[in-house]
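Same order as they appear, the protein sequences are chains A and B. 1 is the number of the first residue of the first sequence in UniProt numbering; add one for each residue after it. 1 is the number of the first residue of the second sequence in UniProt numbering; add one for each residue after it. Glycine residues also receive a C-beta, built at the ideal position from the N, C-alpha and C atoms.
2 protein chains.
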Amino acid sequence: MSDAAIADIADVTPDATKAAIETEVRQIGKRARAAARALALAPAETKRRALDRAAELIRARAEDIAAANEKDMEFGRAKGLNDALLDRLKLTPERIEGIAAGVAATAALPDPVGRVLAEWDRPNGLHIERVATPLGVIGVIYESRPNVTADAGALCLKSGNAAILRGGSESLNSSAALVSCLADALEESGLSRDAVQMIPTRDRAAVGALLRLSEHVDVIVPRGGKSLIERVQTEARMPVFAHLEGLCHLYIHAAADPEKAAAIALNAKMRRVGICGAAETLLIDKAVAETLLPRIASSLSEAGCELRGDAAARRIVPAMAEAVEQDWFTEYLAPILSVRVVDGIDQAVAHVNHYGSHHTEAIVTEDQAAADRFLAECDSAIVMHNASTQFADGGEFGMGAEIGISTGRMHARGPVGAEQLCSFKYRVRGTGQTRP
Amino acid sequence: MSDAAIADIADVTPDATKAAIETEVRQIGKRARAAARALALAPAETKRRALDRAAELIRARAEDIAAANEKDMEFGRAKGLNDALLDRLKLTPERIEGIAAGVAATAALPDPVGRVLAEWDRPNGLHIERVATPLGVIGVIYESRPNVTADAGALCLKSGNAAILRGGSESLNSSAALVSCLADALEESGLSRDAVQMIPTRDRAAVGALLRLSEHVDVIVPRGGKSLIERVQTEARMPVFAHLEGLCHLYIHAAADPEKAAAIALNAKMRRVGICGAAETLLIDKAVAETLLPRIASSLSEAGCELRGDAAARRIVPAMAEAVEQDWFTEYLAPILSVRVVDGIDQAVAHVNHYGSHHTEAIVTEDQAAADRFLAECDSAIVMHNASTQFADGGEFGMGAEIGISTGRMHARGPVGAEQLCSFKYRVRGTGQTRP
């Protein structure tokens with residue numbers, strides 16, 4: 001995704017500067033750890049009030065935030081960012097209001113800390129509870145999207161975690177302005193402003209320093225492209241909630257309802273092409289390709305989608321471009337769709353598990369047994385039957401705000417919201433029991 | 001803990017041998033990945049039958065297993081293992097029967113895969129389920145305890161995971177004999193014997209190779225001492241379920257019931273001194289130290305426990321040895337207890353969070369508010385009120401067999417049984433929904 005974010009990882013800083021940055025990042029981590037200990041015990045109402053206040057401050061300081069963003073835009077233009085990246089960086093008044101509304105919505109979520117996740121009694125009278133607790137200190141590394149600064153910061157705080165934020169270097173001023181709103185709101189609410197901090201330098205050495213700081217950082221959440229995430233997974237000395245790309249597949253099974261297939265294909269690809277739940281590859285059973293593919297292809301083409309097919313698909317729709325091996329591995333995030341004709345479920349599942357990113361896959365079929373098999377055998381965070389892959393979203397799941405969709409299998413999988421940013425502990429209550 | 005296991009991590013192997021081992025470990029991983037894909041879809045009844053058959057085979061081959069163990073004992077004696085380590089390595093007929101019974105008990109557990117952990121409907125008619133799935137391939141690195149080979153292997157299989165086992169090098173033959181029972185049982189049940197494999201070499205380079213194999217190994221479970229685990233956490237290129245030492249604290253609060261305090265102190269330390277739930281440090285409020293400590297100290301001394309106290313404790317019980325700073329950091333796993341007099345809860349919690357290993361802590365008090373504070377503020381996997389720390393055990397929690405007690409905060413915390421060795425996925429069922 002963000003090449004800028006990827007470049008930020010490389011280390012080309014002089015040793016003396018690196019040492020100074022290492023020291024600074026360590027200090028940030030130390031303060032975050034202390035703040036996290038206190039925040040973990042903060043009452044739900046205090047956290048809610050702090051986040052509400054942060055939303056107010058974002059609204060009240062909208063002009064300052066816009067001015068800070070304009071500095072970032074100048075920097076970005078000078079750096080030669082393309083239009084898509086500049087658009088992602090840009091904060092309009094509407095977008096700033098959207099950010100404030102998002103923080104207020106997070107404030108209104110049920111508090112995830114202290115929930116009793118399970119409880120039971122033992123024959124010896126011990127009462128055991130599994131209780132949700134914060135994770136601790138969360139490091140978030142992300143693209144030059146200022147809104148993520150507020151979204152991620154607010155979610156971390158809601159779940160009782162301290163956050164250390166490192167956005168793409170172009171968003172430094174915008175992020176600083178937003179972090180100030182969160183930190184000031186924390187302070188006004190009697191909490192520590194160190195509970196949300198950002199790395200205040202564009203220097204790429206700071207990322208390496210953060211990834212080594214296992215003493216003070218409990219988990220790293222990277223958002224971005226494959227190479228960023230692989231690099232983080234290699235370098236991080238703490239657990240990583242990987243938010244890999246969404247190389248999502250839509251599989252049209254032989255027993256698909258043609259209307260549903262056509263509607264879902266168009267929606268899954270074209271509703272928004274730049275989100276991680278957008279379909280990138282269409283798999284279609286050869287039994288129905290002859291009848292269904294021309295219709296799906298023409299509606300996609302009319303909507304402005306380029307199709308790249310394998311040989312069998314191109315025999316049916318000769319206007320398609322040729323798909324090469326690399327296409328099956330590609331998250332286009334653009335109006336392009338690769339198309340492959342398959343023999344049936346086995347081949348569809350094998351394709352998904354080989355080429356996919358374990359994010360979201362959907363099958364269209366009226367055959368319940370076929371759907372069950374596809375849902376069971378695709379090794380992905382989200383598997384869907386007769387629904388568009390674009391529903392892969394915390395909000396659509398009813399989970400409130402999300403920090404992203406985790407494609408790993410540990411701890412958090414799928415949409416990562418406030419609940420998923422929690423750990424748990426066991427609380428055991430006795431009346432003097434000793435173990436025989 | 002096992003110095004041998006720690007030494008196994010160091011790399012002193014010639015490069016050519018290392019390359020050969022790297023290739024071999026990679027082949028093991030590749031086979032494990034293929035086996036895991038199939039095992040993830042195996043019916044509960046098939047897994048149960050395979051584990052029952054494994055228990056039968058362990059019983060039927062008890063003599064062969066004992067003979068293999070005798071080779072390991074010779075190796076261990078030649079290597080100069082101390083009596084405690086030799087005892088841990090030794091398999092008597094009773095212990096072999098215990099291992100078989102453990103595998104049969106795991107077979108009888110409810111199947112953890114496919115459980116619907118949560119489900120809800122969305123206003124647009126989508127039905128969403130969170131469903132338990134296996135994690136994939138689990139690498140287990142552990143001490144020279146042959147029973148762990150069977151316990152860990154059986155738990156991984158029960159939860160639909162393929163296992164790659166690497167025990168301490170002295171247990172190689174015993175482990176191989178036990179793994180054969182599991183693998184043969186899998187094969188007889190129509191499953192792949194590759195679902196449970198061991199690293200068939202004593203060479204330490206194999207551990208490094210396993211830790212780098214992120215492509216085929218989804219999680220590493222290390223069991224052992226602090227240095228082993230820190231090394232694994234540094235080198236592993238995949239998530240780690242750390243099973244750190246159990247530096248457990250017992251805190252006698254000012255409002256403690258004297259009878260409960262005395263009984264729990266004796267049990268928490270002395271019931272079994274070698275398990276991770278044994279208390280290592282006693283904290284006692286100065287308000288009751290004068291009256292309670294002499295009684296607790298004398299019952300512990302009578303039971304053969306050495307006490308090492310701070311200055312305040314030694315003023316009250318002058319027979320105590322002097323505790324030095326290192327004592328507060330030490331998991332004795334022996335009849336030794338460090339004793340510190342504290343001002344109250346704040347100091348007790350600060351001590352626990354600074355010196356502890358985030359495993360298990362207990363408070364003895366009749367003051368519910370004090371108990372609630374201690375339970376909330378101690379950042380440990382298990383926190384107990386008026387109960388012995390020796391209850392920190394999957395079996396005592398009613399969870400069946402466990403692979404250990406995780407001291408990390410990600411994914412699995414506390415006792416790790418079959419359920420904790422699962423991940424989950426979201427299953428979404430629609431009727432043709434597209435996203436507006």
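Which of helix, strand or coil DSSP assigns to residue i
{"i": "B:T133", "result": "strand"}
{"i": "B:I403", "result": "coil"}
{"i": "B:G153", "result": "helix"}
{"i": "B:N69", "result": "helix"}
{"i": "residue 442 of chain A", "result": "Here chain A covers residues 1 to 436 and nothing more, so residue 442 of chain A does not appear."}
{"i": "B:S189", "result": "coil"}
{"i": "A:V273", "result": "coil"}
{"i": "A:V324", "result": "coil"}
{"i": "B:L283", "result": "strand"}
{"i": "B:A5", "result": "Only weak support is given to the placement of B:A5: the predicted model assigns it a pLDDT of 41, under 50, and the question is left unresolved by the model."}
{"i": "B:V113", "result": "coil"}
{"i": "B:A362", "result": "strand"}
{"i": "A:C305", "result": "coil"}
{"i": "B:R231", "result": "helix"}
{"i": "A:R223", "result": "strand"}
{"i": "B:D121", "result": "strand"}
{"i": "B:A10", "result": "At B:A10 the pLDDT is 46, less than 50, meaning the model places this residue with poor confidence; the figure from the coordinates comes in the next sentence. Of the three classes helix, strand and coil, the one that applies to B:A10 here is coil, per DSSP."}
{"i": "A:R77", "result": "helix"}
{"i": "B:L250", "result": "strand"}
{"i": "A:G168", "result": "coil"}
Best match in the options for proximity to residue i [C-alpha to C-alpha]
{"i": "A:A60", "options": "A:T133, A:R308, A:A185 and A:W120", "result": "A:A185"}
{"i": "B:I252", "options": "B:L293, B:E74 and B:E170", "result": "B:L293"}
{"i": "A:A348", "options": "A:R237, A:L86 and A:C378", "result": "A:C378"}
{"i": "A:A163", "options": "A:G414, A:I141 and A:D87", "result": "A:I141"}
{"i": "B:T234", "options": "A:I229, A:L244, A:I220 and A:S214", "result": "A:S214"}
{"i": "residue 440 of chain B", "options": "B:P318, B:D218, B:Q326 and B:T106", "result": "For residue 440 of chain B there is no data in the structure shown, the boundaries of chain B being 1 and 436."}
{"i": "A:A381", "options": "A:A242, A:M198 and A:L333", "result": "A:A242"}
{"i": "A:L206", "options": "A:P436, A:T434 and A:I28", "result": "The sequence given here has Ala at residue 206 of chain A, not Leu. Considering only alpha carbons, the answer is A:I28."}
{"i": "A:E290", "options": "A:A50, A:V217 and A:R314", "result": "A:R314"}
{"i": "B:S357", "options": "B:D393, B:A279 and B:T13", "result": "B:A279"}
{"i": "A:A269", "options": "A:G246, A:D257, A:A254 and A:A255", "result": "Sequence check: residue 269 of chain A is Lys here, not Ala. Among A:G246, A:D257, A:A254 and A:A255, the Cα nearest to that of A:K269 is on A:G246."}
{"i": "A:M399", "options": "B:E119, B:A311 and B:R33", "result": "B:E119"}
{"i": "A:G417", "options": "A:R409, A:Y426, A:F424 and A:G404", "result": "A:G404"}
{"i": "A:L57", "options": "A:A101, A:P415 and A:L85", "result": "A:A101"}
{"i": "A:D72", "options": "A:W328, A:S174 and A:G309", "result": "A:S174"}
Own chain residues within Cβ distance below 8 Å of residue i, not counting five before or after
{"i": "B:A44", "result": "D111, V113 and G114"}
7 Å Cβ cut-off: residues of chain A touching residue i
{"i": "B:M270", "result": "Here the premise fails: no neighbours, minimum Cβ distance about 10 Å."}
{"i": "B:F329", "result": "Those do not exist, as B:F329 stays about 15 Å from chain A at its closest Cβ, beyond 7 Å."}
{"i": "B:N82", "result": "Result: empty, since nearest Cβ-Cβ is about 27 Å, beyond 7 Å."}
{"i": "B:Y332", "result": "What B:Y332 touches in chain A: nothing, since even the nearest Cβ is about 18 Å away."}
{"i": "B:A263", "result": "G432 and T434"}
Bounding residues of the beta strand (DSSP E) (the contiguous stretch that carries residue i)
{"i": "A:V25", "result": "That residue, A:V25, is in no beta strand (DSSP E); its alpha helix (DSSP H) goes D15 to L39."}
{"i": "residue 446 of chain B", "result": "Any answer about residue 446 of chain B is impossible in this case: the structure gives chain B only from 1 up to 436."}
{"i": "A:N386", "result": "I382 to A387"}
{"i": "A:F329", "result": "Note, A:F329: premise wrong, no beta strand (DSSP E); not H, not E."}
{"i": "B:R340", "result": "I336 to V342"}
{"i": "B:F397", "result": "That residue, B:F397, is in no beta strand (DSSP E); it is neither H nor E in DSSP."}
Cross-chain neighbours of residue i in chain B, by beta carbon under 7 Å
{"i": "A:D218", "result": "R409"}
Start and end residues, alpha helix (DSSP H) containing residue i
{"i": "B:L89", "result": "D83 to L89"}
{"i": "A:Q347", "result": "I345 to Y355"}
{"i": "B:N161", "result": "Note, B:N161: premise wrong, no alpha helix (DSSP H); not H, not E."}
{"i": "A:V207", "result": "A205 to R212"}
{"i": "B:T46", "result": "A44 to A60"}
Chain-ordered neighbours of residue i on chain A, where CB pairs are closer than 9 Å
{"i": "B:T234", "result": "S214 and R237"}
{"i": "B:R429", "result": "A371, L375, M384, H385, N386 and A387"}
Close Cβ partners of residue i (< 6 Å) along its chain, the five nearest in sequence each way excluded
{"i": "B:V428", "result": "L126 and I128"}
{"i": "B:G318", "result": "It should be pointed out that residue 318 of chain B corresponds to Pro in this sequence rather than to Gly. So no residue of the chain qualifies."}
Own chain, CB closer than 7 Å to residue i, minus 5 neighbours either side, in chain order
{"i": "B:S189", "result": "T46, R49, A50 and R53"}
Proximal chain B residues relative to residue i, where beta-carbon distance stays under 9 Å
{"i": "A:E396", "result": "R122, N124, L126 and R435"}
Neighbouring residues, chain A, relative to residue i (Cβ below 8 Å)
{"i": "B:S180", "result": "Residues of chain A passing the Cβ test: none, with the nearest at roughly 29 Å."}
{"i": "B:S380", "result": "K425"}
Per-residue contacts from residue i into chain B (C-beta, under 8 Å)
{"i": "A:N147", "result": "By Cβ distance, chain B contributes nothing, its closest Cβ being about 20 Å from A:N147, past 8 Å."}
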